[in-house]
Structure formats: structure tokens, C-alpha cells
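S.K.: Pasting a structure here, questions to come.
Residue numbers (the numbering used here): 23 to 568.
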């Protein structure tokens, strides 16, 4: 089953691209580590984390969370080496211990892909820690005629995907084109550590779940990077396609409430179709989990209103058949353009439903880029929350033998073992011989993200249940504390996060939850989380300066 986040916040056609160039603030060269903070750097010498030895107060008059975050941004820009552009507040979230503020690096008003810093603040607005990555230089500028450049980039992207996928150009379409500054090193790829003007082009294929992202140089129109975004597999509205074949190129063809009549709506009677009732129930289970365990209204976060009278709802269409695919369709995916789920037949299980809905959550919260390690973490978060739903909804298949298994009860059977990833040839630590090392082509990336999600999956099972692994003995912290921890992590991660950042975020999130008394989290719980980060070798290459 397809299990990815099919692209980040895909909308309908190309965006308006007329961005007025703004004067670029001049920042000083990266500040040397001061005696008031610990600094973690990677093997490129790039700052990854800054932790003041005591919370760094915000300037007076900046008590508001966003204002405090903005006040800290100028100094952090120097510490993180953001010597071009600016760091601006993108979003903020209040927590029991204070708050989290996400900063986005922009150059001439255009965002840097993966260039983000996340601040952790206490209740007074003082900086507790910050982590992320920024680009340190720029090379070139966007063409004067940005619309024409975007059209050229779109054509180049179609050619690149056709060459890599084997699909004809006429089978492909451009779903979205967005301007970005692109520094390959921010997403873990080889290349110069300077940002170049580029367009991120999302291409849809002839199959319903086929999506690719291509980063195209704005000047030369050369494809700089390509990756596959294809997924393998409250107010509720569920539609039954009854095996009707639809055009996989048109996300409107799936829409529950417009393309198909709602079969079962919130509070309505059960359907005679088993898949409809299962999805309706599993939507309820997932929404209940997010509401009760992490205080999030899932319908408000990822629901959609098609104007059909059902209101803003979690939506799905089941028993879909797709042109060019075998019918019954053996797949399930989250459609970012339709903002709903699509199921084939017989794949409507609780963990698969929770998994795919969490791709929608990730799209709206951390926005993890579906490439390399950030894509693997994206997949892992979906597995983690999907399994959390499975383990807490009281379903009949929640047996000890099925604990941490993904896909049991589906037409495909078990596909992953989160507690023992090597059982399905997935790695359980960064240094494992099963770690998939390459993602140069779109297909490589799809394999990379699905296999290497095993590291995060192993961490989740260890944190919740405990055990001995790779020289570390861990006491499990249980499901409630684990759910609160991973939700905090979802909010802390930058869009280009790698496993080193995930390890940092796990430790930071646990300390913040302990400080705020979230779910009864204690400092000893955080010691267990730190052992798991060590055991899975997430932060092995980071070193401390200062």
C-alpha cells in the first residue's frame, strides 16, 4: 500500500509568482560560540542546536510569544550562520512549559527550502533552546520574468519525471510550482552549501497516487533534485465508489461529497458496505486519539468542506478503482490536493487509517519534506501515530503478537514490525547494515524513506515499552507519555529535519514536557528517552562546541 505524504500542501495549479524583491538585511558573520550557550555542530561545521546555559530573556516589552520569538531571531541568525536573508516567525504554538516558535529563512521574500530554526521558549518568553539549519550563502538571483521562468521549470520537471518514471510526458501534469531558494546540503544531499534560486515543481502521474517533486534551477532550468512523493498505503463523511473506475490524474474524481454521494455521514446509520463502516469507525478512533492524547481537533486541522452540506469533515472515498490499475485497487493514500483519504478495497484497517491521516497532520504541522531522512521521519511519524491509534482503540486484533505490527488485518497482511524492524529488512539504528544509503533517483527515495523509517519506529517502541538494545537498557515510559512526547516532536521538527535533529527534538520535547508536567512526564523519563536516542545512533555525528 502506498504510504507517503504525496507532496507538501499541494494546491491546484501554479501560484502567482510575482514577489517583489525586498532589501536584504545584513547580518554579521556567524558569531563564535559564547560562554553563555552550548552549541552543537554537524560534520560540515554548521550549527544544529544552541542551548543557553540559563534561559536567555527576551528584550523587555516582548512578552507575546510571537514577539519574543521574533526578538530572539536576530541573534540566532548569527549563531546559525544565516548570513543572507532573514529569519522570520512562521508559526507559534503555546505549550504548558511556554511555547514553540518556528522561524523560516527567506531571501528577498522567498523561503529557503529546509532553512528553518525552531525556538523553545519558557513562560516568560526566554529562549531555552533552538535547533535547525540555515543556508550560509546565496548564488545568483531569480530571473526578472519569474512567470516565464516558472513555466520553463515546469516543462523541465515534466521531462525529468518522464525520463525517470517511464511514463510519457502526456501522462503527466504539473500540480504546483513554487519559488524557493535551494541549498542541497540542507536536505542531506551533496552539493554546494549556497542557496540558488529554484522552483519546486510537483508533478502528478497517470496513477492516482503517483506524485514527484522536482527542484529546478530558475536560471538554467536544470533539474537539481527529484524525489517521489508516492504513498503506499470529529465530523466524518465516507463515500462508496462501489468499484467505479476514476481518472487517476484528477484528484477531483475522488472527492467524497462532490464526485461521490456521501454514504455515511456523522451521526447517520451504518452502511451495508463493510469498508464504509470500518473507515467511519477508524476515523472516529483516530480523531478520539488526537483529541484525548494530544489535545488536537483533527477535523479542524485537516478536515475539508466541499460545500455539499456536510461541513468541514474528515472525508474518505472507499472501494475506488483507478484507471490503469488492477480492480479491486489494493492501496490507500492521503490526497493533499483533495485533502481527504482514498481507499481501495480490503485495506481499511485502524493503523493504516491512522497512518494516512497523520500524513495530513504532518503536512499541516511540521511540513517534513518527503526526501531522504526528513521523508523517512515523515513515514515513521505516520507509523507511530497509526500504531498508537491501533494500540488504544480496543480492537480485537490488539493482541500481544500484533503489538507494533503494521497492516495486520489488511488484504496485504503485516508489512512492518516497529519493535523489530530487521524482521522486514528495515534498519533499527543509523549504523545498521540494513540502512538504505542512496536516494539519487525518485525510486531510490521511495525505498529510502520506507525502509529507513525503521530507526524512528524502533525508537518509538523502545520509548513506550522499554527493553535492552545496542548497549542501552531502557525503562518504558508508557503510551500516554509517549503520545505527548511524539506530538511535541511533531511541532518541534523543521521541514528538512534529519535523524540528528529528531534525536535533538526528542530530548528537547521531553524536557519541555517534564517542565510543563505534560502527561506526568518526569526527568527520569527523559533519561530513558536520551538512552533511546543513543541506542538508535540518531545524533552520533554531532559534536559540541564551546
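Beta carbons: idealized from backbone N, C-alpha and C, even for Gly. All values reported here derive from a predicted model rather than from experimental measurement.
How far does the alpha helix (DSSP H) with residue 380 in it extend, from its first residue to its last?
M.R.: 372-386
S.K.: To the nearest angstrom, report how far apart residue 295 and residue 262 are at their CA atoms.
M.R.: 8 angstroms
S.K.: Return the first residue and the last residue of the beta strand (DSSP E) that residue 272 is part of.
M.R.: Here residue 272 belongs to no beta strand (DSSP E), and DSSP marks it neither H nor E.
S.K.: Going residue by residue through the stretch 339-376, where are the continuous alpha helix (DSSP H) segments of at least 4 residues, counting only ones entirely within it?
M.R.: None, since the stretch 339-376 contains no complete alpha helix (DSSP H) of that length.
S.K.: Can you have a look at residue 17 and say buried or exposed, based on whether 16 or more other CB atoms are within 10 angstroms of its CB?
M.R.: Given a span of 23 to 568 for the chain in the structure shown, any question on residue 17 remains unanswerable.
S.K.: Would you call the CB atoms of residue 79 and residue 132 closer than 8 angstroms?
M.R.: no
S.K.: Between residue 492 and residue 557, how many whole angstroms is the CB-CB distance? I'm expecting something under 8 angstroms.
M.R.: 4 angstroms
S.K.: Have a look at residue 43 and residue 423 and give me their C-alpha separation to the nearest angstrom.
M.R.: Because the pLDDT at residue 43 is just 28, under 50, the model does not fix this residue reliably, and the value given afterwards should be weighed accordingly. Roughly 59 angstroms between the two C-alpha positions.
S.K.: What ranges does the alpha helix (DSSP H) occupy inside the stretch 451-522, keeping only unbroken runs of at least 4 residues that lie completely in it?
M.R.: 464-487, 501-514
S.K.: Excluding the five sequence neighbours on either side, which residues of its own chain have a C-beta within less than 7 angstroms of the C-beta of residue 457, listed in chain order?
M.R.: 449, 474
S.K.: Let's see if you can read the secondary structure: which residues bound the alpha helix (DSSP H) around residue 314?
M.R.: 296-316
S.K.: Using the C-alpha atoms, what's the distance from residue 404 back to residue 379?
M.R.: Each residue's alpha carbon lies about 8 angstroms from the other.
S.K.: For residue 223, which option in 180, 187, 216, 203 has the closest C-alpha, if you only look at C-alpha atoms?
M.R.: 180
S.K.: Assuming residue 321 is part of the alpha helix (DSSP H), what are its boundary residues?
M.R.: 320-324
S.K.: What does the alpha-carbon distance come out to for the pair residue 490 and residue 443?
M.R.: 15 angstroms
S.K.: How far does the beta strand (DSSP E) with residue 70 in it reach, from first residue to last?
M.R.: Counting along the chain, the beta strand (DSSP E) containing residue 70 begins and ends at 69-74.
S.K.: Using a Cβ-Cβ cutoff of less than 7 angstroms, which residues in the same chain neighbour residue 525 once the five nearest sequence positions on both sides are dropped?
M.R.: 555, 560, 561
S.K.: Determine, using beta-carbon pairs with one atom in the stretch 297-306 and one in the stretch 337-344, whether at least three such pairs fall under 8 angstroms.
M.R.: yes
S.K.: Below 8 angstroms between beta carbons: does that hold for residue 208 and residue 136?
M.R.: yes
S.K.: My understanding is that residue 127 touches residue 157, with C-beta atoms under 8 angstroms, so please give their C-beta distance in whole angstroms.
M.R.: 7 angstroms
S.K.: Could you please give the first and the last residue of the uninterrupted alpha helix (DSSP H) stretch that includes residue 261?
M.R.: Boundaries for residue 261: no alpha helix (DSSP H) harbours it, while the beta strand (DSSP E) harbouring it runs 258-262, taken from the DSSP string.
S.K.: DSSP puts residue 221 in a beta bridge; with which residues?
M.R.: For residue 221, the beta-bridge partners assigned by DSSP are 201, 238.
S.K.: Give the DSSP-derived three-state secondary structure of residue 533 in the structure shown.
M.R.: helix
S.K.: Do you know how far the Cα of residue 544 is from the Cα of residue 151?
M.R.: Approximately 19 angstroms between the Cα atoms of the pair.
S.K.: Taking the alpha carbon of residue 535 as the reference point, which residue from 316, 494, 63, 75 has its own alpha carbon closest?
M.R.: Taking each of 316, 494, 63, 75 in turn and checking the Cα distance to residue 535, the smallest one comes out for 316.
S.K.: Within 10 angstroms of its Cβ, does residue 283 collect 16 or more other Cβ (buried), or is it exposed?
M.R.: exposed
S.K.: So, does the stretch 501-514 touch the stretch 311-325, judging by three or more C-beta pairs under 8 angstroms?
M.R.: yes
S.K.: Starting from residue 414, trace the alpha helix (DSSP H) both ways and give me its first and last residue.
M.R.: Taken as a continuous stretch (DSSP letters only), the alpha helix (DSSP H) holding residue 414 covers 394-414.
S.K.: Report yes if the CB atom of residue 410 is closer than 8 angstroms to the CB atom of residue 483, and no otherwise.
M.R.: no
S.K.: What does the alpha-carbon distance come out to for the pair residue 111 and residue 460?
M.R.: 34 angstroms
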